[in-house]
Amino acid sequence: MFSRVKQNGFIPVLQSFGASPLEMWHIKVENGCVRRVTDEQVRALALELSGTNVSTCYVCCPKESRASLGIHMPFLVMIIKSLKRYFTFEITVRDDRNQNRRFRMSNFEKANRIGHFCTSMPLCLSPGWNEVYFDLADLTRKAYKTNYLEAVRIQINANCRVRVIYFCDRIYEDKDIPQKLKIFLPTSHGGRRKSDEDVPEKKESAMTTGINYEDESRAYEEDYEAMYHGASQMEVSEQRVPDIVSLGKSASVLGEGDYEDDDRSIGRVEDYPEIKEKAEELDEVKQEAPDDEHGETAESEQKSDD
């Protein structure tokens with residue numbers, strides 16, 4: 103498939119977000135399903151393979167059984183999610199002896215088993231999404247003492263979710279990998295997050311604005327102190343208002359003179375003619391009251407003498 107293609111950088115063989123992600127793949131499903139879903143953890147499309155038997159639910163590339171991928175790149179990268187069920191996949195390679203060697207990885211294997219043409223190895227996946235790297239050249243050399251030439255076939259069995267599968271010529275740094283070949287987890291997750299290199303526009307915009315955050319914080323503190331000082335003065339003035347009002351005496355009880363000398367009163371008697379008349383009547387009553395009291399005391403003294 104890719105033997106006539108110039109191979110450098112990255113060669114994706116499965117991308118779940120494409121228009122036809124399984125266009126180059128053969129699908130076999132018994133008692134299961136292969137569907138594209140939106141993963142709730144990363145909020146992105148993923149290809150889900152689920153079935154009761156891992157051997158009867160799988161996808162393989164290329165479609166033709168005798169065809170070959172023809173990819174000479176030694177590194178296989180898979181971004182997959184563990185569904186906490188049995189899962190297995192296998193990759194077939196060709197070595198310098200022109201022999202096809204098959205490596206099968208699964209999460210239910212307990213130990214390595216090396217055969218003449220097939221090697222089984224345990225695969226430990228963390229809960230959630232995993233980014234798995236396989237050095238096919240190193241595996242071929244350690245298992246069969248031969249040199250890796252090319253990848254022939256790849257098969258993904260149930261049960262898992264796949265985001266992307268690709269080959270590369272070496273291990274790249276995170277900033278050098280295209281974004282479509284990455285998966286970004288939420289900030290609360292311990293996996294890969296977007297770095298500053300992934301969002302250069304935001305970083306450059308923040309640098310070009312020339313904002314001095316120390317000056318901003320200092321100005322904010324000054325504004326806060328001014329606001330707090332103004333609020334404290336307002337509280338004092340509001341507390342004085344009841345005192346001023348309480349010092350004002352009722353015009354219906356006190357006379358005119360009490361208001362003329364008091365600047366803190368709420369009004370003057372001259373402004374209210376009815377109150378002025380009533381105040382004059384009260385003054386007359388006050389002038390007559392001492393005489394009556396004196397007469398009553400004199401009469402009581404005469405009675406005591408008798």
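For the sequence shown, the numbering used here begins at 103 and goes up steadily by one.
A virtual CB, placed ideally from N, CA and C, is assigned to each residue, including glycine.
Values in this document were obtained by computation on a predicted structure and should not be read as measured data.
### Query
Can you tell which of 221, 281, 171 has the C-alpha that lies nearest to the C-alpha of residue 256?
On the sequence shown, residue 256 is found 154 positions in, with the first residue counted as 1. Closest by alpha carbon: 171.
### Message
Can you tell me whether residue 257 is helix, strand or coil according to DSSP?
### Response
For this step, residue 257 is matched to residue 155 along the sequence shown. Three-state result, residue 257: strand.
#### Entry: Paired residues, beta bridge with residue 221 - DSSP
To locate residue 221, count along the sequence shown from 1; it is residue 119. Partner(s): 205, 216.
### Message
Rounded to whole angstroms, what is the Cα-Cα separation between residue 236 and residue 207?
### Response
As a working mapping, residue 236 is identified with position 134 in the sequence shown. As a working mapping, residue 207 is identified with position 105 in the sequence shown. About 11 Å.
### Neighbourhood of residue 119 by C-beta distance below 6 Å, restricted to the same chain and skipping five residues each side
Position 17 of the sequence shown, counting from 1, holds the residue named residue 119. Cβ within range, chain order: 147.
### Message
Against chain D, with Cβ distances strictly below 8 Å, would residue 238 count as a contact?
### Response
Of the protein chains in this structure there is only one, and it is not chain D.
### Task
Going by CA-CA distance only, name the one from 125, 165, 184, 286 that's closest to residue 152.
Within the sequence shown, numbered from 1, the residue matching residue 152 stands at position 50. For residue 152, the nearest C-alpha among the options comes from 184.
### Message
Let's test the definition: count the other Cβ atoms within 10 Å of the Cβ of residue 139 and tell me whether it reaches 16, buried, or not, exposed.
### Response
Locating residue 139 in the sequence shown gives position 37, where the first residue counts as 1. Exposed is the call here.
### Query
Among the residues of its own chain, which have a CB less than 6 Å from the CB of residue 150, if the five just before and after it don't count?
Position 48 of the sequence shown, counting from 1, holds the residue named residue 150. Cβ neighbours of residue 150 beyond the five flanking positions: 137, 139, 263.
#### Entry: Sequence-distant residues of the same chain with beta carbon closer than 7 Å to residue 124, five excluded per side
Translated into positions along the sequence shown, residue 124 becomes position 22. The answer, listed in chain order, is 161.
### Query
Mapping DSSP to helix, strand and coil, what is residue 183?
Position 81 of the sequence shown holds residue 183. In this structure, residue 183 counts as strand in the three-state DSSP scheme.
#### Entry: Buried versus exposed call for residue 217 [16 or more other C-beta atoms within 10 Å across all chains shown]
The residue given as residue 217 occupies position 115 in the sequence shown. Looking at its Cβ environment, which holds fewer than 16 other Cβ atoms inside 10 Å, residue 217 is exposed.
### Query
Which value, in whole angstroms, describes the spacing of the CA atoms of residue 348 and residue 381?
Position 246 of the sequence shown, counted from the start, is the residue given in the question as residue 348. Position 279 of the sequence shown, counted from the start, is the residue given in the question as residue 381. Residue placement at residue 348 is flagged as unreliable, the pLDDT there being 35, under the threshold of 50; a coordinate-derived value is accordingly withheld.
### Query
residue 189: buried (16+ other C-beta within 10 angstroms of its C-beta) or exposed?
Counting from 1 along the sequence shown, the entry for residue 189 is found at position 87. Residue 189 is buried by the Cβ-count criterion.
### Query
Between 111, 241, 134, which lies nearest to residue 204 when the distance is taken from Cα to Cα?
Within the sequence shown, the letter at position 102 stands for residue 204. Cα-wise, what sits closest to residue 204 is 241.
### Message
Between which two residues does the alpha helix (DSSP H) holding residue 146 run?
### Response
Against the sequence shown, residue 146 aligns to sequence position 44. Residue 146 -> not in any alpha helix (DSSP H); beta strand (DSSP E) instead, spanning 146–153.
### Query
When the Cα atoms are used, what is the spatial distance from residue 116 to residue 265?
In the sequence shown, residue 116 corresponds to position 14, counting from 1. In the sequence shown, residue 265 corresponds to position 163, counting from 1. If you take the alpha carbons of residue 116 and residue 265, they lie about 8 Å apart.
### Query
Are residue 195 and residue 253 touching if we call contact CB-CB under 8 Å?
Counting from one through the sequence shown, the residue named residue 195 turns up at place 93. Counting from one through the sequence shown, the residue named residue 253 turns up at place 151. Yes; because the gap between Cβ atoms is below 8 Å, this pair is in contact.
### Query
Of the residues 248, 202, 231, which one's Cα is nearest the Cα of residue 186?
As a working mapping, residue 186 is identified with position 84 in the sequence shown. Here the closest residue by C-alpha is 231.
### Helix, strand or coil at residue 130 according to DSSP, with G and I counted as helix
Here the question's residue 130 lines up with position 28 in the sequence shown. Residue 130: strand per DSSP, three-state reduction.
### Task
May I have the straight-line CA-CA distance separating residue 226 from residue 209, to the nearest angstrom?
In the sequence shown, counting from the first residue as 1, residue 226 sits at position 124. In the sequence shown, counting from the first residue as 1, residue 209 sits at position 107. Approximately 6 Å, taken between the alpha carbons.
### Task
Please state whether DSSP places residue 409 in a helix, a strand or coil.
There is no way to answer for residue 409, as the model of the chain reaches only from 103 to 408.
### Task
Note the first and the last residue of the continuous beta strand (DSSP E) segment covering residue 243.
For this step, residue 243 is matched to residue 141 along the sequence shown. That residue, residue 243, is in no beta strand (DSSP E); its alpha helix (DSSP H) goes 238–246.
### Query
If we call anything under 8 Å between Cβ atoms a contact, is residue 211 one with residue 224?
As a position in the sequence shown, residue 211 is number 109, starting the count at 1. As a position in the sequence shown, residue 224 is number 122, starting the count at 1. Contact: yes.
### Query
Per DSSP, what kind of secondary structure is residue 416 in: helix, strand or coil?
Because the chain in this structure spans residues 103 to 408, residue 416 falls outside the shown range and cannot be described.
### Task
Following the continuous beta strand (DSSP E) through residue 156, name the residue where it begins and the one where it ends.
If you number the sequence shown from 1, residue 156 lands on position 54. Here residue 156 belongs to no beta strand (DSSP E), and DSSP marks it neither H nor E.
### Cβ-based neighbour list, residue 234, same chain, cut-off 6 Å, excluding 5 preceding and 5 following
Taking the first residue of the sequence shown as 1, we reach residue 234 at position 132. Closer than 6 Å at the Cβ level, and outside the excluded window around residue 234, lie 180.
### Query
When we look at the beta-carbon of residue 107 and count the other beta-carbons within 10 Å, is it buried (16 or more) or exposed?
The sequence position of residue 107 within the sequence shown is 5, counting from 1. So residue 107 ends up on the exposed side.
#### Entry: Nearest to residue 133 (by Cα), restricted to the options 191, 156, 272, 127
Numbered from 1 along the sequence shown, position 31 holds the residue referred to as residue 133. Nearest option by C-alpha distance: 156.
### Whether residue 272 touches residue 177 by CB criterion (8 Å)
Along the sequence shown, one-based indexing puts residue 272 at 170. Along the sequence shown, one-based indexing puts residue 177 at 75. Going by C-beta atoms, residue 272 is nearer than 8 Å to residue 177.
### Task
Measuring alpha carbon to alpha carbon, tell me which of 197, 167, 128, 274 ends up nearest residue 238.
Here the question's residue 238 lines up with position 136 in the sequence shown. The residue with the shortest Cα to Cα distance from residue 238 is 197.
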